[in-house]
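Enquirer: Here it is, the structure in full.
Protein chains in written order, with this note's numbering: chain S, 1 to 238; chain Z, 1 to 238.
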């Protein structure tokens with residue numbers, strides 16, 4: 001905790017999937033919409049969970065340098081092929097494309113748009129997500145989110161939790177790392193950001209992976225613990 | 001000219017210095033404010049012109065790969081040392097820093113903020129400038145400009161007119177190059193963008209370098225010729 005220290009925070013950088021947007025409901029909705037006619041018994045949420053389970057492993061070849069950087073649309077598309085196989089479903093190219101774009105049509109958690117607008121009155125704001133620019137722009141436009149810049153994976157052509165993703169964001173914002181607050185609902189993300197010298201804020205998203213299946217509390221030391229973004233905005237305005 | 005073709009433009013990318021902000025008036029103002037006490041006869045506009053004259057050469061070592069990418073604050077700082085010497089002026093470190101930051105405090109041409117807000121209702125919008133992210137953010141905040149993303153030099157760690165600067169922006173926006181409209185008041189910038197397949201719009205800034213010293217008309221073929229951003233917005237709404 002920052003305790004009685006003066007508040008030097010100048011910029012807020014955000015994880016997006018889980019922290020700002022509810023990927024599970026959105027992907028479930030589009031999977032069921034696109035596949036229900038031919039597969040009426042398909043459980044969209046199970047499909048979404050299986051797809052997301054391939055998310056972290058899919059980035060590993062880029063992180064280790066075994067593979068040149070490719071964006072999340074490409075990784076989501078490759079993972080999708082495996083999940084479709086796993087579920088015994090075959091689709092045409094058009095449906096496959098529409099499924100990948102489900103990740104561009106996610107809705108923010110309810111408090112997010114207004115809370116971000118309130119925070120932006122006092123802080124520079126940027127996503128530091130593993131999502132690429134076009135994906136961040138689509139989600140921001142859909143959810144009335146306004147950024148000062150889009151940092152993160154495509155900016156540095158690497159994936160969190162690699163240190164360069166956080167450090168490139170700090171450099172781009174032009175202030176000391178400790179003045180940049182990483183905001184996320186995943187302790188692993190916050191631990192990596194803290195190791196790079198950033199300040200950290202944990203947002204509870206206890207239902208990220210379904211009811212009761214998400215981080216309700218941080219599992220690592222952080223500077224701020226918040227129940228949601230309104231709570232964080234309140235703490236930062238003290 | 002695009003003539004009777006359908007309008008596929010989805011995103012607008014902007015040159016900033018000269019096209020959106022009046023660098024000469026802003027730098028002149030800050031130079032005179034910061035140096036007038038010790039140098040009451042200094043012509044701030046001549047100083048600004050001498051500084052800007054070193055702008056293109058200063059980027060050349062990065063473009064050729066002889067030097068790793070450094071941001072415009074670093075290049076402006078190096079050029080400033082030479083201009084101070086040229087004018088026989090010596091300053092302390094604090095004043096030197098304040099002078100470099102003059103480039104963060106530039107004002108937009110009068111029509112720019114409202115015209116950009118109007119254009120943003122229909123198009124994705126990003127600067128593709130040789131300015132780095134922190135500089136773009138400072139100018140945007142100062143002038144009530146809202147971007148979807150900040151692309152350009154720092155995103156790709158190179159300087160215009162190198163093709164990768166334009167091409168990286170196109171890739172980040174996720175649409176075909178011809179659907180991206182490069183907007184600039186410099187024919188050299190537009191020629192380089194067109195060579196990369198982007199569409200192009202020339203904005204007249206006849207007074208960029210002082211009265212009557214700027215491009216009133218494009219010197220290369222472009223898709224749109226506009227007197228200012230309101231004129232461009234009108235043409236794009238047809």
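Glycine is no exception: its CB is placed at the ideal position from the N, C-alpha and C atoms.
1) If you draw a straight line from the C-alpha of residue 45/S to the C-alpha of residue 135/Z, how long is it?
2) Name the residues in the segment 162–186 of chain Z whose C-beta lies less than 7 Å from a C-beta of chain C; which are they?
3) In three-state terms, what does DSSP make of residue 209/Z?
4) So what does DSSP say about residue 76/S, is it helix, strand or coil?
5) If I measure Cβ to Cβ from residue 3/Z and keep anything under 8 Å in the same chain, skipping five residues before and after, which residues do I get?
6) Which bits of chain S does residue 154/Z rub up against, with CB to CB less than 7 Å?
7) Identify every run of the alpha helix (DSSP H) within the segment 59–135 of chain S, keeping only runs that are complete inside it and at least 4 residues long; order them along the chain.
8) Once the 5 residues before and after residue 98/Z are set aside, which same chain residues still bring their CB inside 6 Å of it?
9) Under DSSP, the beta strand (DSSP E) around residue 181/Z begins and ends at which residues?
10) Is the Cβ-Cβ distance between residue 209/Z and residue 15/Z less than 8 Å?
11) Run the CB neighbour count on residue 1/S, radius 10 Å, all protein chains shown included, and call it buried at 16 or more, exposed below.
12) Suppose you measure from the CA of residue 110/Z to the CA of residue 117/Z; what does that come to, to the nearest Å?
13) Output, in chain order, the set of chain Z residues within a Cβ distance shorter than 8 Å of residue 72/S.
14) Taking Cβ-Cβ distances shorter than 7 Å, what residues in chain Z pair up with residue 124/S?
15) Please report how far the alpha carbon of residue 164/S lies from the alpha carbon of residue 227/S, in whole angstroms.
16) Using 10 angstroms around the beta-carbon of residue 217/S, count the other beta-carbons present and answer buried if the total reaches 16, otherwise exposed.
17) Between 168/Z, 145/Z, 52/Z, 77/Z, which has its C-alpha nearest residue 18/Z's C-alpha?
18) Taking DSSP as the reference, what is the three-state secondary structure of residue 44/Z?
19) What are the start and end residues of the beta strand (DSSP E) that includes residue 224/S?
20) Is residue 158/Z close to chain S? Criterion is C-beta to C-beta, closer than 8 Å.
21) For residue 14/Z, report the span of its beta strand (DSSP E) as first-last.
22) Would you decide whether residue 192/S is buried or exposed? Buried here means 16 or more other CB atoms lie within 10 Å of its CB.
23) Along chain Z, which residues have their Cβ under 9 Å away from the Cβ of residue 248/S?
24) Which term fits residue 327/Z, buried or exposed, when burial requires 16 or more other beta carbons within 10 angstroms of its beta carbon?
25) Looking at C-alpha atoms only, which residue of 128/S, 174/S, 179/S is the closest neighbour of residue 162/S?
26) So which residues on chain Z does residue 114/S lean against when the C-beta distance must stay under 8 Å?
27) Taking just the CA atoms, how far does residue 138/Z sit from residue 13/Z?
28) For residue 152/Z, write down the residues that DSSP places opposite it in a beta bridge.
29) Counting pairs of beta carbons, one from the segment 59–77 of chain Z and one from the segment 23–43 of chain Z, are three or more of them closer than 8 Å?
30) By the criterion of Cβ-Cβ separation under 8 Å, what are the contact partners of residue 149/S in chain Z?
31) Note down, in chain order, every chain Z residue with its Cβ under 8 Å from the Cβ of residue 140/S.
32) Using the beta-carbon count (16 or more within 10 Å), is residue 215/Z buried or exposed?
33) Name the residue from 31/Z, 29/Z, 73/Z whose alpha carbon lies nearest to the alpha carbon of residue 153/Z.
34) Can you give the Cα-Cα distance for residue 140/Z and residue 149/Z, rounded to whole angstroms?
35) Kindly indicate which residue of 132/S, 48/S, 31/S, 236/S has the alpha-carbon position closest to the one of residue 59/S.
36) Contact check, residue 63/S vs residue 158/S under 8 Å by CB: the rounded distance?
Expert: In brief:
1) 43 Å
2) Although the question refers to chain C, the structure presented lacks it and instead comprises the protein chains S and Z.
3) coil
4) helix
5) Note that residue 3/Z has pLDDT 47, beneath the 50 cutoff, so the model's placement of it is unreliable and no number is given.
6) 172
7) 72–86, 93–100, 112–120
8) 34
9) 180–184
10) no
11) Model confidence at residue 1/S stands at a pLDDT of 48, short of 50, so the residue's coordinates are unreliable; what they give is reported in the following sentence. Looking at its Cβ environment, which holds fewer than 16 other Cβ atoms inside 10 Å, residue 1/S is exposed.
12) 13 Å
13) Correct list: empty, because the minimum Cβ distance to chain Z is about 11 Å.
14) 137
15) 28 Å
16) exposed
17) 52/Z
18) helix
19) 224–226
20) no
21) 11–14
22) buried
23) Residue coverage of chain S in this structure runs from 1 to 238, which leaves residue 248/S outside it and unanswerable.
24) No information on residue 327/Z is available, as it lies outside the stretch 1 to 238 that chain Z covers here.
25) 128/S
26) The contacting residues do not exist; residue 114/S stays about 17 Å from chain Z at best.
27) 18 Å
28) 129/Z
29) no
30) 133, 136, 137, 147, 149, 150
31) 148
32) buried
33) 73/Z
34) 11 Å
35) 132/S
36) 7 Å
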